[in-house]
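In my numbering, the protein residues as written are 198 to 633.
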């Protein structure tokens, strides 16, 4: 059977079973195992088992349950409420100030938890009603929460970056370092957009009345709210950058910081720890099955010899090497509308990464472009996770249409950021070069 027909059957089978609603990990792993058997025979399973055994022995994997547990604990500590009160007092006096404060809190959460949903749920519960009560345009408020929540997978620590590193073989520490400046770039671009819109259209994001802005004494007392979050960030990122710990060991530091935060906020309770542990077990178990599926997919794909076919197709794309990178970004952009980020990584990275390396591009730089595209996937319809997280906590009057249309300008901002990082790769590669 020709490689073209095998490729068509392989990806067609994946699409068919995914449309039936079956879990991605089992579809990807199951279809890959079937194709392995019929192309290489029973002995090919030993190759998959060998690869999985090597991965399971990776010390890096320990970071995943630790970061997940850290996120689950921090969600319940009350940190978000105090942070919002502080931002309310300090930023509320300017047009768009509450939106800027919400973005800042999302950035802080991103630097603490490493996943997307935590900030979306927290700000959708606390910040959204506050902004709507004070006359903010609902699309502005929804879009700010949606885009800020997605930064959790770009600003380190990031679980998606750990998975990217495991699949591609790049350094987790380099990926973490590479995500800092692009994260800052996105924060600046989004803040500029909010301030410009608020200046040109004051009714979209009005300033708070003077009686709500608080006294200087209240403002300075409210600054205590940032001490614990900054402490957690320093424990995680500071220990990595300072060379005290590896990224995996820093995850354990983050868990310690989360437990200290829970104790300070009097939330160090058996029920909360038990719930966080159970959710961590569930999510970690799913990730392990996904890694199994990734190895089976990679082995099946390579065994069919499809790599040469894909490389040949890519070489036919106009624009040379940059045309190929742009085509990859477009493919990932559209996949992100219908698949979850981990699934996209499993399907595309075994195909894209050899080509990226052969063209001479830095895989860490490409990883940052990839992760930003995954951010866009979290916030774009029809299946963006952040959209559904937000729908679960918004007031009854807000429809799914409101949530869908609110993301349009913020998606454009993310695309502009991708373009800037493509034009100036040093934004993503300079810090890894300094620290590693």
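Backbone N, C-alpha and C fix where the C-beta goes; we use that ideal spot for every residue, glycine too.
Mind checking whether residue 497 and residue 232 have CB atoms under 8 Å apart? yes
Practice item. Report the option in 339, 403, 437 whose CA atom is closest to the CA atom of residue 373. Key: 437
What residues in its chain sit with their C-beta under 7 Å from that of residue 588, if we drop five residues either side in the sequence?
597, 600
- request: Indicate whether the contact test is met: 3 or more Cβ pairs, each with one atom in the region 472-486 and one in the region 276-288, closer than 8 Å.
  value: no
Residue 327: buried (16+ other C-beta within 10 angstroms of its C-beta) or exposed? buried
- prompt: CA-CA distance, residue 305 and residue 500?
  reply: 44 Å
query: How many whole angstroms separate the CB atoms of residue 494 and residue 229, which I take to be in contact at a CB cut-off of 8 Å?
result: 5 Å
- To the nearest angstrom, how far is it from the Cα of residue 431 to the Cα of residue 460? 18 Å
> Below 8 Å between beta carbons: does that hold for residue 342 and residue 311?
Replying inline: no
ask   = Three-state secondary structure (DSSP) at residue 534?
value = coil
How close, in whole Å, do the beta carbons of residue 290 and residue 404 come, if the pair is a contact with beta carbons under 8 Å?
6 Å
Checklist entry - Between which two residues does the alpha helix (DSSP H) containing residue 426 stretch? => result 424-430
Please report the residue range of the alpha helix (DSSP H) in which residue 599 lies. 597-603
key: Contact under 8 Å by Cβ, residue 331 with residue 297   = no
Spatial neighbours of residue 557 within its chain, please: C-beta separation below 8 Å, excluding the five flanking residues on both sides. 518
Residue interval of the alpha helix (DSSP H) (run including residue 433): Per DSSP, residue 433 belongs to no alpha helix (DSSP H) and is neither H nor E.
Practice task
Below 8 Å on the Cβ atoms is my guess for residue 317 versus residue 293; work out the distance and round it to an integer in Å.
Solution key: The pair is not a contact, with the Cβ atoms about 20 Å apart (cut-off 8 Å).
Is the beta carbon of residue 225 less than 8 Å from the beta carbon of residue 532? no
(request) Assign residue 371 to one of two classes, buried (16 or more other C-beta atoms within 10 Å of its C-beta) or exposed (fewer than that). (result) buried
| request: Look at residue 308 and residue 211 and say whether their C-beta atoms are less than 8 Å apart. | output: no
Practice task
Thinking residue 426 and residue 260 are a contact (beta carbons under 8 Å), I'd like their distance in whole angstroms, please.
Solution key: So it is not a contact: roughly 20 Å between Cβ atoms.
Exercise. Measure the C-alpha to C-alpha separation of residue 586 and residue 622 and round it to an integer number of angstroms.
Key: 33 Å
Keeping to the same chain, check which residues put their C-beta closer than 8 Å to that of residue 387; ignore five residues upstream and five downstream. 300, 341, 344, 345, 607, 610
*Write down the C-beta distance between residue 625 and residue 375 rounded to the nearest angstrom, noting that I regard them as a contact closer than 8 Å.*
5 Å
Requested in this report: Give me the Cβ distance between residue 303 and residue 348, rounded to the nearest whole Å; I'm assuming they're in contact under 8 Å.
Outcome: 6 Å
| task | Would you check if there are 3 or more beta carbon pairs closer than 8 Å linking the region 462-482 to the region 266-279? | result | yes
In terms of residues, what are the limits of the alpha helix (DSSP H) holding residue 342?
335-347
**Message:** Please give me, in chain order, every unbroken run of the beta strand (DSSP E) with length at least 3 that falls completely inside the region 249-274.
**Reply:** none
| query | Looking only at its own chain, which residues have a Cβ that is under 8 Å from the Cβ of residue 266, when we skip the five neighbours before and after it? | reply | 452, 455, 473, 474, 477
In chain order, what residues of the same chain have a beta carbon less than 7 Å from the beta carbon of residue 590, not counting five sequence neighbours either side?
318, 321, 322
So what's residue 220 in DSSP terms, helix, strand or just coil?
coil
- Query: Are residue 351 and residue 569 touching if we call contact CB-CB under 8 Å?
  - Reply: yes
query: Hey, how far is the Cα of residue 469 from the Cα of residue 264?
result: 16 Å
Cβ-Cβ distance between residue 377 and residue 566 below 8 Å
no
Next item on the list: Within 10 angstroms of the Cβ of residue 247, are there 16 or more other Cβ atoms? Answer buried if so, exposed if not.
Entry: exposed
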